[in-house]
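One structure is given below, encoded as structure tokens.
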Amino acid sequence: MSLMFSLAEPTSTWYLVLSAVLFGIGTIGVMVRRNPLIMFMCIELMLNAVNLSFVALSSQIANIDGQVVVFFVLVVAAAEVVVGLGIIVSIMRRRTTLTVDDMSGLKG
Amino acid sequence: MELFVFVVAAAMVLGGALGVVTRSNPVHAAMSLVLTLFGIAVMFVSHNAHFLAAVQVIVYAGAIVVLFLFVIMLLGVDKAEDLSVEPITNQRPLAAIIGVGISAIVIAAIVSSRAGLGASGEGVNETTFESPDANIRQLARVIFSDNVFAFELTSVLLLVAVIGTVVMARKTKSVGTGK
Amino acid sequence: MTIISAGTAEGGQELLSRSELTAKELLREVGSVLRLSETEAALLAEVQTEAPEDQTMIINMGPQHPSTHGVLRLMLELQGETVLRCKPIIGYLHTGMEKTGEALTYMQGGTNVTRMDYLSPLNNELVFSLAVEKLLGIDGDIPERAVWMRMLLSELNRMSSHLLFLATNGMDLGAVSMMLYGWREREDVLRFFQKVTGLRMNHNFIRPGGLAADLPAGWRDDVLAILEGLPSRLEEYDILMTGQPIWRERLQGVGVITAQEAIALGATGPILRSTGVAWDLRRDMPYLHYDKMEFDVIVGQYGDAYDRYSIRFNEIRESMRIVYQVLENMPSGDFRIQNKKVTPPPRARIDESMEALIHHFKIFTEGFKVPEGEVYVSIESPRGEIGCYIVSDGSSNPYRMHVRAPSFVNIQTMPHMMRGGLVADAVAVISSVDPVLGEVDR
Amino acid sequence: MGVVQNIADDGLGGMDHNFVTARIEDLVKWARSRSSWGASFGLACCAIEMMGTGASHYDLSRFGMEVFRASPRQADIMIVAGRVSQKMAPVLRQVYDQMMEPKWVISMGVCASSGGMFNNYAIVQGVDQIVPVDVYAPGCPPTPETLIHAIETLHQLIEDGEIMRRRVSNNGGAGVELSSELAAHTSVTIGTK
Amino acid sequence: MIGAILAIDPMLEGNVLWTPLLIVLVKVLLVFVVGLVATMLMVWFERKVIAGMQNRVGPNKAGPWGILQTLADGIKLFFKEDLIPERSDRFMFRLAPYLALVPAFLAFAIIPLGGDFRDGKGGLVTLFGQQTRLQLADPPVGVLFALAISSIAVYGIMLAGWSSGSKYPLLGAVRASAQMVSYEAALGLSLGAVLLVSGTLSTAGIVNMQSSIGNWNIVATGFVPFVIFLIAATAELNRPPFDLVEAEQELVGGFNTEYSSIRFALFFLAEFMNTVTMSALIVTLFFGGPQPISIGNTTLDIPFIPNAIEGTVWLLLKVLVFLYIYVWFRATLPRFRYDQLMDLGWKILIPGSLGWFMLLAAQRVGRDAGWDQIVVTLVTALVLIGGYGLLLAAQHVSRVNREKDGASF
Amino acid sequence: MSDSADTMENAVETQHGCPVQDSHGQRVLHASRDQYVSVIKALADEGYEMCVDLTGVDYLAMPQRTIGFDIQAERFEVAVNLLSLSQRKRIRVRVQVPADDCTMPTLFDIHPGTEAHERETFDMFGIVFTGHPDMTRILMPEDWDGHPLRKDYSQGSIPVQFKGANS
């Protein structure tokens with residue numbers, strides 16, 4: 005059992021690298037996908053990557069502010085999703101397909 | 073042990089993220105997103121941010137993704153998207169280059185600057201048997217003293233978002249009466 | 002070896018998509034034939050733009066669905082959970098009873114009609130018997146005791162039918178216990194029926210000329226036991242349902258229909274009464290001795306499901322009042338007419354006399370001849386006006402036997418009541434119309 | 010997951026009969042007879058008596074049968090209560106096909122069993138032309154006591170394993186070919202089209 | 027570190043030895059088995075009690091008093107043919123029952139299942155020389171964990187309905203998600219009142235605070251949060267009168283219409299397991315969990331039972347009361363309609379729980395600042411009543427507007 | 010059809026141009042097909058606001074029947090029962106429909122409640138109601154052959170048979 009504890013401990017650099025990769029995946033997703041719902045999910049991925057790096061850095065530099073920021077990000081993400089989904093629903097009321105390519109006009 | 077946790081959680085995070093980007097069915101993508109969110113929550117726990125982990129699950133998995141699924145089912149857009157169509161020529165390779173490039177730049181920055189980061193705050197409280205909620209208390213103190221203005225602002229933001237959505241999504245005329 | 006293709010396609014009987022319909026059909030299916038003026042109807046075209054077809058879905062309730070009271074099939078066009086159009090599809094229990102009725106003699110006819118509205122079989126037999134008696138011209142000669150017995154049985158049957166309505170109405174709205182309580186009380190009445198007629202349902206007890214047998218000894222105590230046990234139970238239902246906030250919320254304002262609409266659609270019984278039209282054949286066109294009875298016609302005001310619920314609930318109490326009066330006034334005497342043409346000889350005489358035996362044999366094999374003519378007789382069944390239209394060609398079988406079934410007509414009110422409601426309201430509406438599919442499809 | 014795959018298989022078909030499997034078989038039969046949920050297939054008068062059987066006086070729940078599942082997927086016994094019209098027959102068959110093996114059918118009342126007094130164009134003269142019937146309950150309508158007796162009989166047959174043997178010997182039931190139906194039955198869903 | 031992740035338990039501090047790990051394993055196993063058996067008995071209990079309420083006998087053929095009825099159901103369902111509809115989403119269809127079942131078990135982990143609360147032991151018992159709690163895990167965010175678990179429990183239902191590929195289950199799924207989102211807020215807010223009074227998130231801590239009836243949170247928070255929590259919990263459980271998700275009369279079987287065999291059994295199990303868990307959670311939060319009943323200085327004692335086990339007995343008794351209440355609900359109440367459900371959630375429960383929370387918070391601030399408690403309460407109550415009046419006025423205006431231009435939403 | 014002789018002699022009055030007959034104490038009005046809709050409309054204005062019943066009869070097996078009033082007896086007959094709630098009166102309208110032209114105008118526009126009755130009469134007798142919004146079968150399956158209540162349609166009873174139920 006004690007053997008397991010003596011193994012290499014992941015440092016916060018590991019987490020930061022992971023969050024960078026996650027952010028990259030999210031970016032690719034936003035650019036590639038055409039379904040606005042999935043694009044939204046990719047934005048959530050990017051937000052989560054940032055959250056992860058905040059928490060990792062917060063524990064590395066021993067400052068609680070990182071976690072506070074994550075808390076606010078969560079709240080803002082909730083607000084953003086509410087508004088975004090509202091927009092998608094009201095667009096879908098007027099159109100039948102759901103790809104961003106078809107949503108070029110500003111008025112429905 | 074922490075290595076084990078990290079590896080499993082990282083696999084969840086990355087697997088889920090790849091799932092979001094590659095699955096054609098929105099419901100599957102949403103479930104992959106849940107996987108990622110759980111992975112992140114596990115990582116929060118291993119950084120002693122228990123409260124954030126719980127909030128992450130409640131807000132993200134419990135509300136946001138449920139909302140996503142609700143909209144998907146309500147609109148009936150759960151048909152698989154055709155992924156073979158590429159609307160703009162060479163869009164995918166370009167996107168991949170940009171994405172990988174961003175990751176590479178950030179990673180390079182992290183690796184090169186990690187030595188410069190030192191302890192700057194008064195410390196993050198660890199959870200112990202004597203004070204199991206030390207982390208929560210510390211977080212609460214900071215939020216409600218130093219950041220109280222930002223806190224109030226986010227609550228206003230939420231209110232505005234909810235009201236705005238209701239106004240936007242409401243139908244003005246009912247069926248049958250005509251305009 | 003029989004292979005039957007799976008599927009329930011009924012073609013044009015089903016609810017079609019809007020594009021396949023003419024304006025008139027559409028008007029009927031959205032239940033607006035009466036509700037909209039011409040100008041409003043012209044605006045109906047906008048319904049289609051407001052709710053394009055790909056945002057609505059057509060779902061199929063039944064024919065095998067827990068809340069369609071048997072085999073009613075409803076096709077609903079929904080937008081979200083709101084019902085836009087509704088079309089009832091019936092016939093899944095079509096038994097060919099009117100055809101069978103032509104093959105049976107007047108003596109046997111009772112076995113046929115009693116199986117139509119299987120919740121109030123005695124009322125079916127009563128209307129058939131009254132029609133045959135009218136054709137025979139013996140409608141004035143029925144002995145007093147038979148008339149009073151018919152009233153007793155008819156009212157008890159109304160009680161058991163309404164109790165069953167309370168049970169199913171409770172069940173449909175999720176009040177599971179009400180289901181069992183209603184059945185428990187109905188069982189008391191059924192036990193009395195079994196004692197009197199020998200059967201729990203489908204009695205064939207009321208026959209042309211009177212009844213099949215006299216009341217058994219001790220019947221008065223049995224009826225009194227039912228009547229005395231019921232009021233406290235009804236008060237329990239009041240606590241369980243009538244005063245229940247959820248119950249009221251679920252029923253009040255649901256499935257509203259106006260008096261004008263109900264009359265235009267031919268709806269009778271509790272549906273018509275719920276709109277404020279005090280129309281009860283027992284009072285307004287009395288048959289048997291209902292004109293000597295003292296009872297109130299329960300009338301609603303809003304025409305909603307709650308009114309229909311409370312009307313049926315209180316009609317149980319009114320029926321109890323009538324039964325008390327019947328108990329007081331029950332005369333002694335014959336239970337069937339002493340007319341050799343119609344009535345079989347008493348059981349005791351068959352053992353003694355050869356003529357009686359032959360008479361008995363003839364009347365049960367050939368039946369009795371009924372003079373030519375046609376007649377329509379209607380009475381108030383628990384569900385509304387049940388009528389019997391008989392055409393006789395002078396033989397011992399009816400030439401044509403048609404039953405005007407209240408449920409068959411009442412079902413037409415459903416699209417009007419459901420429009421604009423939710424799926425849950427649709428269930429409440431079906432339940433409040435209280436259709437009996439055996440009678441709808443015959 | 011699904012242990013039972015075809016009609017002749019009671020989930021233990023591949024096992025040799027030794028002491029242990031015999032006990033398991035007994036257990037399964039015991040469970041099936043004690044917990045047979047009904048598919049509510051009420052049609053006419055008999056349906057009222059069927060529901061009456063479930064009510065306080067007769068109480069089907071004693072046999073673990075108060076669970077009348079509206080979805081045929083979860084039901085074990087189909088009680089065909091009442092006359093089956095020509096229009097209803099395809100629906101009946103469809104619901105039967107939607108039920109999962111092992112499944113049993115009780116034909117309740119004379120109309121379901123033989124057409125009864127309605128020997129005419131509209132009524133299927135015996136539901137056994139459409140689905141294989143295991144137990145017939147006579148009566149018009151059968152009293153709750155009769156129905157309970159029919160159910161008890163069926164339970165006994167289930168516990169004996171008699172029905173499964175009969176199915177194997179006649180490929181499904183009373184002259185009704187099942188194999189041709191089974192291919193199509195997955196795509197059909199209850200209540201929707 | 028591992029102690030911080032898994033649980034706050036004294037025996038996991040310091041060097042981890044084999045004995046504590048073994049105890050943890052035994053606890054995991056025990057909780058799993060207890061959960062299963064409790065659910066089995068719960069199903070039987072419900073069928074028997076509801077039969078009693080309806081003048082019936084209830085199951086009595088399978089085993090003595092029909093106690094093996096659930097076992098028979100389970101075995102039968104296990105040996106039944108299974109089917110995956112053609113139009114279903116196969117992966118999700120298979121996954122959904124487990125998504126429903128796992129949270130039901132997980133939530134059980136944080137319930138204090140017993141303990142010795144006499145002589146200031148605070149629920150600690152000694153097992154094999156180790157001090158421990160009779161509780162699988164006590165994470166520092168215990169109550170939030172329960173909230174999180176209950177919020178992800180809806181995935182099983184949603185995905186089951188969606189993946190079946192037919193219309194009734196889909197309607198059930200949409201209802202489920204809307205219902206869950208609506209009632210989660212009321213649940214969380216009424217929980218907030220408990221947290222405010224207890225000052226801790228850990229379930230063990232919350233139980234320890236409630237040493238006598240006067241300290242029970244139902245009294246300390248003033249009854250209203252308990253009522254709201256009970257209603258919201260019933261809604262979260264999808265039990266009558268909030269069982270719109272299944273609503274046999276409307277949606278045939280709702281989300282589980284297409285499920286058969288063992289997969290259906292899992293849903294069945296999850297539903298009743300959730301009921302047991304939620305009852306235990308209510309007892310933990312409001313009724314002192316395994317604490318014995320004590321008024322003032324006198325504590326009731328169950329004779330012949332060692333103190334270490336007595337806590338479990340008390341918990342069992344208290345949970346049984348709530349199980350009975352849930353059965354009672356099922357037997358008496360008609361089902362809500364969809365829009366009424368939303369109205370109740372958004373217009374009554376959420377404002378109510380929010381208002382009560384603010385009242386409690388104001389009292390607390392007042393106490394800390396040394397203000398007159400009565401004045402503080404009165405002023406807050408007046409403000410809240412004014413706010414509620416505004417809300418009612420807004421609702422009235424909205425209704426009038428809606429009727430005027432006939433909007434439907 | 011000839012009713013008993015004494016009731017025939019009572020039938021001297023007319024209403025809306027149609028002869029009125031008394032049958033077992035009930036008023037029966039014989040309308041021709043052309044008068045049909047206008048008579049029902051006039052009766053509705055007169056206070057017979059509810060159409061209680063509408064059904065058909067096939068007189069194929071009674072070829073020699075007479076109606077009187079110089080009305081030609083045809084194979085089919087449609088009987089409409091009207092009810093006046095305010096005056097508590099009933100009246101029955103009987104219309105002859107020839108076998109070679111089985112059509113009738115619909116009453117849907119006056120009494121929407123006849124919709125189901127007319128569909129039933131169509132289903133059972135094959136009498137087509139022109140102008141009816143949805144003239145489909147109502148009780149029989151859509152692909153059913155024939156109209157069951159016609160007298161030339163056999164009852165369809167099959168002798169009781171006990172098939173080889175393999176048991």
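Chains as they are written, first to last, in my numbering: chain P, 5 to 112; chain R, 73 to 251; chain S, 2 to 443; chain Z, 10 to 202; chain W, 27 to 435; chain E, 10 to 176. Ideal Cβ positions, reconstructed from N, Cα and C, are used throughout, including at glycine.
Item	Value
Secondary structure of Lys88/S, DSSP reduced to three states	strand
Ile47/P at chain R interface by Cβ criterion, 8 Å	no
Under 8 Å from the C-beta of Val54/P: neighbouring residues of chain R	Near Val54/P there are no residues of chain R at all, since even the closest Cβ is about 11 Å away, more than 8 Å.
Partner residues on chain R for Val54/W, Cβ-Cβ distance less than 9 Å	Residues of chain R passing the Cβ test: none, with the nearest at roughly 18 Å.
Beta bridge counterpart(s) of Thr324/W as assigned by DSSP	Ile321/W
Proximal residues of chain Z, C-beta to C-beta of Thr406/W below 8 Å	Simply none; closest approach about 49 Å.
Leu417/W at chain R interface by Cβ criterion, 8 Å	no
CB contact check: Gly165/E to chain Z, cutoff 8 Å	yes
Nearest-angstrom Cα separation, counted from Phe71/W out to Asn241/W	31 Å
Start-to-end residues for the beta strand (DSSP E) that takes in Phe362/W	Taken as a continuous stretch (DSSP letters only), Phe362/W belongs to no beta strand (DSSP E), as it is neither H nor E.
Buried versus exposed, by CB contacts within 10 Å (16 or more), Ile328/W	exposed
Identity of the residues DSSP links to Pro399/S by a beta bridge	Ser393/S
Coil, strand or helix - Met286/S by DSSP	coil
Where His126/E falls: helix, strand or coil (DSSP)	helix
Proximity below 8 Å, CB of Ala427/S to CB of Leu77/S	yes
Contact with chain S by Cys60/E, beta-carbon distance below 8 Å	yes
8 Å Cβ cut-off: residues of chain S touching Ser93/E	Correct list: empty, because the minimum Cβ distance to chain S is about 11 Å.
First and last residue of the uninterrupted alpha helix (DSSP H) at Pro28/E	Run containing Pro28/E: none in the alpha helix (DSSP H); it sits in the beta strand (DSSP E), Cys27 to Ser32.
N- and C-terminal bounds of the beta strand (DSSP E) containing Tyr181/W	Not the beta strand (DSSP E): Tyr181/W falls in the alpha helix (DSSP H), residues Val180 to Ser189.
Chain W contact for Gln413/S (CB, 8 Å cutoff)	no
Top-ranked residue by Cα proximity to Arg348/S, from Ala357/S, Lys342/S, Arg337/S and Pro122/S	Ala357/S
Ser433/S, enclosing beta strand (DSSP E) - first and last residue	Per DSSP, Ser433/S belongs to no beta strand (DSSP E); it is in the alpha helix (DSSP H), Val424 to Val434.
Any 3 or more C-beta pairs closer than 8 Å across the stretch 55 to 72 of chain W and the stretch 168 to 188 of chain W	no
Under 7 Å from the C-beta of Ser178/S: neighbouring residues of chain W	Met79, Gln80, Ala357 and Thr358
Beta-carbon proximity check, Arg251/S vs Leu174/S, cutoff 8 Å	yes
CB of Met278/R within 8 Å of CB of Gly88/P, strictly	Outside the displayed span of chain R (73 to 251) sits residue 278/R, for which this structure offers no information.
Inter-stretch contact at 8 Å, needing at least 3 Cβ pairs: the stretch 150 to 160 of chain Z / the stretch 61 to 68 of chain Z	yes
Where the stretch 67 to 97 of chain S meets chain Z: residues whose CB sits under 7 Å from a CB there	Pro67, Gly71, Val72, Gly92, Tyr93, Leu94, His95, Thr96 and Gly97
Coarse secondary structure for Asn90/E, derived from DSSP in three states	strand
C-beta neighbour in chain E for Lys96/Z, strict 8 Å	yes
Alpha carbon of Val177/S to alpha carbon of His66/Z, nearest angstrom	16 Å
Same chain, Cβ closer than 8 Å to Val85/P, neighbours up to 5 away in sequence not counted	Phe44 and Glu48
Cβ pair Thr247/W, Leu386/W closer than 8 Å	yes
Alpha-carbon to alpha-carbon, Gly70/P and Ile232/W	29 Å
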